[in-house]
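Asks: In the working numbering, the protein residues as written are 11 to 423. Ideal Cβ placement from N, Cα and C applies to all residues, glycine included. These figures come from a predicted structure and were not determined experimentally. Below is one structure. I have some questions about it.
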């Protein structure tokens, strides 16, 4: 593979990964993911973020360096914006190939270099406002952007080309489809990457949305012509598009999201499923966009993405051993952990001898700032009256979501 020039003296030297592995050991990536590493060449040479030995990524990086007639011995600096191993896994092996390389990372990253890789010598910590002059007009500036999504994360900015390298910020799932730049991608593929960036955000970054907003403010004074994240497309035509997308995603944690309802349900013997049909019919009567997931069959990664952008949520599950249906508890625990706040919510479900699911549901979600519509629990199979009320509850929820849509429309107009 060959390196790809991004701007004068800046090159992509990463890998586009297709693998059945789970990202972070949790999240499915059936459409792949990229690990973007970058080389900046002045009088001196710097690599910004590395790869890990995954699906040939290590070999690709060395081949891409060779295509520029650069060997590891020519690298003066390895800049680590973020110490998570998908960006640093090759550090020990690569560092052994280098003779005079110095590692630069954030001040909070210095102890992690030692913890993960055992390096203490030739490791320098930098902070917001620090600079590194590579010569030939290439000057790097560093900015702390903590908790996007680890506390030690920083961004690197190359001044002469206006290139921002923010590591996981502005990232996305999804492998490249033969090109790496936003202006080479069809609008259809932009929609694909938009869905993958939402899923990436909800799975990886969501709980740190307030820090995302602060990070955007921290780099907001820069003249940014190119955004080159560590996962996903490189934005050289319209970098503002991915920034606005992240602003939008971050806003969902502090206010109601899109006029959409995510329905998550599970049923043991079909009784809860009977009521689900009436709830869905009620929602449909108000023509609100709805996405439906069943647990445990559907993976939490996709549920989280839908939940994150939805103003309304429905949970349908039976009581199980005086508690919530276990697959729903698992899903709800993820949703709470990711801090998907400010939702209109309706919960329903059947029980046998005794209820109990609602009590556990309320306890688990008490800090989520959810606005609850009166829940429905019924013994055994739902009656005709239960089904009529379930229809009405679904319609009521949809009406509340449409009110949020009008409110948001007035706010943005």
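Are the Cβ atoms of residue 116 and residue 135 separated by less than 8 Å?
Replies: Within the chain shown, residue 116 is the residue found at index 106, counting from 1. Within the chain shown, residue 135 is the residue found at index 125, counting from 1. Against a cut-off of 8 Å, the Cβ pair of residue 135 and residue 116 comes out as a contact.
Asks: Which of the three DSSP states is assigned to residue 36 in this structure?
Replies: To locate residue 36, count along the chain shown from 1; it is residue 26. If DSSP states are grouped into helix, strand and coil, residue 36 belongs with coil.
Asks: Give me the Cα-Cα distance between residue 195 and residue 177, rounded to the nearest whole angstrom.
Replies: Stepping through the chain shown from its first residue, residue 195 is reached at position 185. Stepping through the chain shown from its first residue, residue 177 is reached at position 167. For residue 195 and residue 177, the distance between alpha carbons rounds to 21 Å.
Asks: Compute the Euclidean distance between the alpha carbons of residue 355 and residue 382, then round it to the nearest angstrom.
Replies: Start at 1 with the first residue of the chain shown, and residue 355 comes out as number 345. Start at 1 with the first residue of the chain shown, and residue 382 comes out as number 372. Between residue 355 and residue 382, the C-alpha separation is close to 5 Å.
Asks: Counting pairs of beta carbons, one from the stretch 42 to 54 and one from the stretch 237 to 250, are three or more of them closer than 8 Å?
Replies: Judged by Cβ distances under 8 Å, the stretch 42 to 54 makes contact with the stretch 237 to 250, as three or more pairs qualify.
Asks: Would you mind listing the alpha helix (DSSP H) stretches within the stretch 212 to 299 that are 4+ residues and don't spill past its ends, in chain order?
Replies: Entirely contained in the stretch 212 to 299, the alpha helix (DSSP H) runs reaching 4 residues are, in chain order, 219 to 228, 249 to 261 and 281 to 294.
Asks: Looking at C-alpha atoms only, which residue of 122, 14 and 106 is the closest neighbour of residue 70?
Replies: Position 60 of the chain shown, counted from the start, is the residue given in the question as residue 70. The candidate whose alpha carbon is nearest that of residue 70 is 14.
Asks: What three-state label does DSSP hand residue 165 in the structure shown?
Replies: Reading the chain shown from its first residue, position 155 is the one you call residue 165. The answer is strand: DSSP assigns residue 165 an E or B state.
Asks: Would you call the stretch 399 to 408 and the stretch 338 to 352 touching, i.e. three or more CB-CB distances under 8 Å?
Replies: Not touching, per the Cβ criterion.
Asks: Residue ranges of each alpha helix (DSSP H) run of no fewer than 4 residues wholly in the stretch 60 to 109, ordered along the chain?
Replies: With a minimum length of 4 residues, the continuous alpha helix (DSSP H) runs that stay inside the stretch 60 to 109 are 67 to 77, 95 to 98 and 101 to 107.
Asks: In terms of alpha-carbon separation, which member of 52, 38, 76 and 260 lies closest to residue 11?
Replies: As a first step, residue 11 must be located in the chain shown, where it is residue number 1. Minimum Cα distance to residue 11 is reached at 76.
Asks: What does the Cβ neighbour count give for residue 25, buried or exposed, with the cut at 16 atoms within 10 Å?
Replies: Residue numbering aside, residue 25 sits at position 15 when the chain shown is read from its first letter. It is buried - the Cβ of residue 25 has at least 16 other Cβ atoms within 10 Å.
Asks: Kindly confirm or deny that the stretch 384 to 400 and the stretch 263 to 277 touch, where touching means at least three C-beta pairs closer than 8 Å.
Replies: No, the stretch 384 to 400 does not touch the stretch 263 to 277.
Asks: Is there contact between the stretch 197 to 206 and the stretch 169 to 185, where contact requires at least three CB pairs shorter than 8 Å?
Replies: Segments in contact, yes.
Asks: Please classify residue 198: does DSSP put it in a helix, a strand, or coil?
Replies: The count along the chain shown starts at 1 and reaches residue 198 at position 188. It is helical.
Asks: My assumption, with CB atoms under 8 Å, is that residue 51 sits in contact with residue 19. Please give the rounded CB distance.
Replies: Within the chain shown, numbered from 1, the residue matching residue 51 stands at position 41. Within the chain shown, numbered from 1, the residue matching residue 19 stands at position 9. So it is a contact: roughly 5 Å between Cβ atoms.
Asks: Pull the bridge partners of residue 403 from the DSSP assignment, please.
Replies: On the chain shown, residue 403 is found 393 positions in, with the first residue counted as 1. Looking at the DSSP assignment, residue 403 forms no beta bridge with any residue, so it has no partner.
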